[in-house]
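J.: Next up is a structure, given as structure tokens.
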Amino acid sequence: MKTELLRFNGAVERDPAIDKWMKHHAGELGAVAYQWFEVMRNCGDEVREVFHDGCPVACLGDAPFGYVNVFASHVNVGFFQGAALPDPGHLLQGNGKFMRHVRLKPGMVIDAAALSRLIESAYSDIKARVENG
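So the sequence shown is numbered by my numbering: it starts at -1 and just counts up by one.
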């Protein structure tokens, strides 16, 4: 049984609201969020973005695949279809039906290659879902 994909109206190539959000979160945590959102932005030519529920969201067209959000003491790098992603580095947290996230804290050692692969996998996964209906 296929699952209906979440879609966000208004996704654009570069959302000015996200740049404004990034400037507002200019500290150490904001720098982490910016770093990983840039990885999402660079996944492919079809990447679009939207500011949704208070955070930057990366989409393939209008289908979201990832987001970043800054909290008081950490950053979440999240994935809308995270439960379906391969995670050999065991970075993903959460137990929802679909979504998962990676929690990053200042000074925390992170396997950047593994997180980059998760982002790439999330993009590839949503691309396959969109293309294959």
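Glycine included, C-beta positions come from ideal geometry on N, C-alpha and C.
In this text, all values refer to a predicted model and were calculated from it rather than measured experimentally.
1. According to DSSP, simplified to helix, strand and coil, what is His72?
2. Three Cβ pairs or more, each shorter than 8 Å: is that satisfied between the region 108 to 122 and the region 81 to 98?
3. Sorted by chain position, which residues of the same chain lie with C-beta nearer than 8 Å to His99's C-beta, five sequence neighbours on each side aside?
4. Excluding the 5 residues flanking Asn67 on each side, which residues of the same chain have their C-beta closer than 6 Å to its C-beta?
5. Quick one: what's got a C-beta closer than 8 Å to Glu44's C-beta in the same chain, skipping five residues either side?
6. Rounded to the nearest angstrom, how far is the Cβ of Ile117 from that of Gly64, given a contact under 8 Å?
7. Between which two residues does the alpha helix (DSSP H) carrying Ala82 extend?
8. Can you look up Leu4 in the DSSP assignment and give me helix, strand or coil?
9. May I have the straight-line CA-CA distance separating Arg5 from Phe96, to the nearest angstrom?
T.: The relevant details are as follows:
1. coil
2. yes
3. Asn74, Val75, Gly76, Phe77, Gly80, Leu90, Gln91 and Gly92
4. Cys53 and Asn74
5. Leu58, Gly59 and Lys125
6. 6 Å
7. Run containing Ala82: none; DSSP gives neither H nor E here.
8. coil
9. 14 Å
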